[in-house]
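Q: Let me begin by handing over the structure; questions about it come next.
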Amino acid sequence: MAGLIAFSWWSAEYHHTDWHIWSGCAVLTLLIFRLLWGFVGGSTARFASFVRGPRAIAGYLRGNWEGIGHNPLGALSVLALLGALAVQVGLGLIAEDEDGIVTGPLYRLVKVDTSDWARELHEYWFYVILALIALHLAAILYYHLRGRRLMSGMISGRGAVNPDVEPMRPAKWWVAFICIAIAIAITRWVIAGAPPFSA
Amino acid sequence: MRIVPISVAILAALAATAGLAAVSGPKAKQISHERHEGMESIGKAFKILHREFDSPAPNAPTVQASADQVASLAAKSSSWFAKGSGPEVGKTGAKPEIWQNWPDFVAKNRAFQQSARAFKAIAAKGDMTAAKASYADLAGTCKACHEKYRMEMHH
Chain R
1 MAGLIAFSWW SAEYHHTDWH IWSGCAVLTL LIFRLLWGFV GGSTARFASF VRGPRAIAGY
61 LRGNWEGIGH NPLGALSVLA LLGALAVQVG LGLIAEDEDG IVTGPLYRLV KVDTSDWARE
121 LHEYWFYVIL ALIALHLAAI LYYHLRGRRL MSGMISGRGA VNPDVEPMRP AKWWVAFICI
181 AIAIAITRWV IAGAPPFSA
Chain E
1001 MRIVPISVAI LAALAATAGL AAVSGPKAKQ ISHERHEGME SIGKAFKILH REFDSPAPNA
1061 PTVQASADQV ASLAAKSSSW FAKGSGPEVG KTGAKPEIWQ NWPDFVAKNR AFQQSARAFK
1121 AIAAKGDMTA AKASYADLAG TCKACHEKYR MEMHH
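The structure is reproduced here in structure tokens:
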């Protein structure tokens, strides 16, 4: 995802708009996958396991959190990043360039003025994403300096855990496969203009 | 009788170098502004055209109206690039390279005007399939110039 975001920025900056649109569609696919995975994936990936209310966040900040995966504060970060990316992709899907020559796949669902507005906001919204990424990296660095290695646990599935805490339950591989298949199918439908809405 | 061809020749020479006659001050600002507004209007027409051509049944009167709009603005566009009306005036998308490569720019501008006239003529006949192909050619002339001679106005 990080690579796609970087490539999306680069392709837009250097006016390779067609690559940019493909890259954005790839982001859409990953977002859909992550959304589905958040309901049927491994235990630490599920939204139900880490999305907590303000009381849990306060408790975490006081030091009263024993768990694995995203802590209650990190949960906000996940939601913010996924949400901001969803906004960016959504805007891109209905946008058109200033010449009206290159368009997002769903541009015909909205009026000309809306597509123009979406493009402008899409350009500025990148800075919101950038700020969230910076915050995210700062937080990881902070934990790293405090002695907690977060990245390796997220990638390998193995982290140093308190033995009283229930370990992660991974999901079946074919669940991931089905989620990817659904994500790709939805993206292909979007690329086709979301028929029948764009007819 | 010899005065007529001579004056025609002088007028032609003047017209050819018109772009090289420099403007400044309020006149330059006015031309820059007219260029900006004109290009935005062309863009607006293009946005309407793109939607029409992507729909299963393009609406001929809509296409024709937009084609007319682009053709008339294209005809005016050669007067939007007087020397001195570029970045020296202020914020603009016109790169200084325009005046550094004037013959090449003029050639591209002429190609745009020609393509716009052709598109208008084809659209007037009512064949939307032919019009769509002509529109694609026209978009190509926009891109050919913009790639070399347009810069971002913000950032």
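Line by line, the protein sequences are chains R and E. Note that the working numbering has the first sequence beginning at 1, numbered continuously upward. Note that the working numbering has the second sequence beginning at 1001, numbered continuously upward. Where a beta carbon is used, it is the ideal one built from N, C-alpha and C, also for glycine.
#1: Could you say if the stretch 1064-1084 of chain E and the stretch 1098-1113 of chain E meet the contact criterion of at least three C-beta pairs nearer than 8 Å?
#2: Taking 9 Å as the threshold (beta carbon to beta carbon), is aspartate 1137(E) in contact with chain R?
#3: Just the C-alpha distance for histidine 136(R) and glycine 1090(E), rounded to the nearest angstrom, thanks.
#4: Could you check if asparagine 64(R) is buried or exposed, using at least 16 other CB atoms within 10 Å of its CB as the buried criterion?
#5: For arginine 34(R), report the span of its alpha helix (DSSP H) as first-last.
#6: So, with DSSP's three-state summary, where would you put threonine 187(R)?
#7: Among the residues of its own chain, which have a CB less than 7 Å from the CB of asparagine 71(R), if the five just before and after it don't count?
#8: Run down chain R in chain order and give the residues with a C-beta less than 8 Å from the C-beta of glycine 1043(E).
#9: Between which residues of its own chain and aspartate 1068(E) is the CB-CB distance below 7 Å, once the five residues before and five after are set aside?
#10: Comparing C-alpha positions only, which one of Arg34(R), Trp10(R), Ile21(R), Leu145(R) sits nearest to valine 175(R)?
#11: Measuring only between beta-carbons, confirm whether arginine 188(R) sits less than 9 Å from chain E.
#12: Asparagine 1101(E): which of Ala1133(E), Gln1113(E), Ala1116(E), Phe1081(E) sits nearest, CA to CA?
#13: So, does the CB of aspartate 18(R) fall closer than 9 Å to a CB anywhere in chain E?
#14: With distances taken between CB atoms, is the gap from aspartate 99(R) to histidine 1146(E) smaller than 9 Å?
#15: Drop a sphere of 10 angstroms on the beta-carbon of aspartate 116(R), count the other beta-carbons inside from all chains shown, and report buried for 16 or more, exposed for fewer.
#16: Helix, strand or coil for threonine 973(E) per DSSP?
#17: Quick check on this structure: which residue in Leu4(R), Ile32(R), His144(R), Phe126(R) has the alpha carbon closest to the alpha carbon of glycine 24(R)?
#18: Can you tell me which residues form a DSSP beta bridge with alanine 1067(E)?
#19: Consult DSSP for arginine 52(R) and reduce its assignment to one of helix, strand or coil.
#20: Go ahead and label glycine 147(R) buried or exposed: buried means 16 or more other beta carbons lie within 10 angstroms of its beta carbon, across all protein chains shown.
#21: Determine the direct distance from the alpha carbon of glycine 67(R) to that of glycine 92(R), and round the result to whole angstroms.
#22: Run through the DSSP bridge pairs and tell me what threonine 1129(E) is partnered with.
#23: Flag this pair as yes or no: are the beta carbons of leucine 106(R) and valine 27(R) separated by less than 9 Å?
#24: List the residues of chain E that arginine 108(R) touches, going by C-beta distances under 7 Å, in chain order.
#25: Identify which residue in Tyr142(R), Phe50(R), Leu82(R), Arg108(R) has its Cα closest to the Cα of proline 195(R).
#26: Count the other CB atoms, across all protein chains shown, that sit within 10 Å of the CB of tryptophan 1099(E); report buried if there are 16 or more and exposed otherwise.
A: According to the structure data:
#1: yes
#2: To locate residue 1137(E), count along the second sequence from 1; it is residue 137. Not an interface residue.
#3: The sequence position of residue 136(R) within the first sequence is 136, counting from 1. The sequence position of residue 1090(E) within the second sequence is 90, counting from 1. C-alpha separation (whole angstroms): 39 Å.
#4: To locate residue 64(R), count along the first sequence from 1; it is residue 64. Exposed, because fewer than 16 other Cβ atoms sit within 10 Å of the Cβ of asparagine 64(R).
#5: The residue you call residue 34(R) lines up with position 34 of the first sequence. From DSSP, the alpha helix (DSSP H) with arginine 34(R) extends over 17-40.
#6: For the purposes of this step, residue 187(R) is identified with residue 187 of the first sequence, where counting begins at 1. The answer is helix: DSSP assigns threonine 187(R) an H, G or I state.
#7: Walking along the first sequence from the start, residue 71(R) turns up at place 71. Answer for asparagine 71(R): Tyr60, Trp65, listed in chain order.
#8: As a first step, residue 1043(E) must be located in the second sequence, where it is residue number 43. Within 8 Å Cβ-Cβ: Glu98, Asp99, Gly100.
#9: Taking the first residue of the second sequence as 1, we reach residue 1068(E) at position 68. So the qualifying residues of the chain are Lys1120.
#10: To locate residue 175(R), count along the first sequence from 1; it is residue 175. Here the closest residue by C-alpha is Arg34(R).
#11: For the purposes of this step, residue 188(R) is taken as the residue at position 188 of the first sequence. False, the Cβ-Cβ gap to chain E never drops below 9 Å.
#12: Here residue 1101(E) refers to the residue found at position 101 when the second sequence is read from its first residue. It is Phe1081(E) whose Cα lies nearest to the Cα of asparagine 1101(E).
#13: Numbered from its first residue, the first sequence carries residue 18(R) at position 18. It does not: the Cβ of aspartate 18(R) has no partner Cβ on chain E nearer than 9 Å.
#14: Working through the first sequence from its first residue, we reach residue 99(R) at position 99. Working through the second sequence from its first residue, we reach residue 1146(E) at position 146. Yes, the pair counts as a contact, with Cβ atoms nearer than the cut-off.
#15: On the first sequence, residue 116(R) is found 116 positions in, with the first residue counted as 1. Under this definition aspartate 116(R) is a buried residue.
#16: Because chain E in this structure spans residues 1001 to 1155, residue 973(E) falls outside the shown range and cannot be described.
#17: Against the first sequence, residue 24(R) aligns to sequence position 24. The shortest C-alpha separation from glycine 24(R) is found at Leu4(R).
#18: Within the second sequence, the letter at position 67 stands for residue 1067(E). Note: alanine 1067(E) sits in no beta bridge, so no partner.
#19: Stepping through the first sequence from its first residue, residue 52(R) is reached at position 52. Coil at arginine 52(R), not helix or strand.
#20: Translated into the one-based positions of the first sequence, residue 147(R) becomes position 147. Per the 10 Å Cβ criterion, exposed.
#21: Looking up residue 92(R) in the first sequence gives position 92. Looking up residue 67(R) in the first sequence gives position 67. One C-alpha to the other measures close to 37 Å.
#22: Sequence index remark: in the second sequence, residue 1129(E) carries index 129 (1-based). In DSSP, threonine 1129(E) forms no bridge with anything.
#23: Counting from one through the first sequence, the residue named residue 106(R) turns up at place 106. Counting from one through the first sequence, the residue named residue 27(R) turns up at place 27. Not closer than 9 Å, so no.
#24: Your numbering for residue 108(R) matches position 108 in the first sequence. The answer, in chain order, is Arg1051, Asp1054.
#25: Working through the first sequence from its first residue, we reach residue 195(R) at position 195. Looking at the Cα atoms, Arg108(R) is the closest of the given residues.
#26: Here residue 1099(E) is taken as the residue at index 99 of the second sequence, counted from 1. Under this definition tryptophan 1099(E) is a buried residue.
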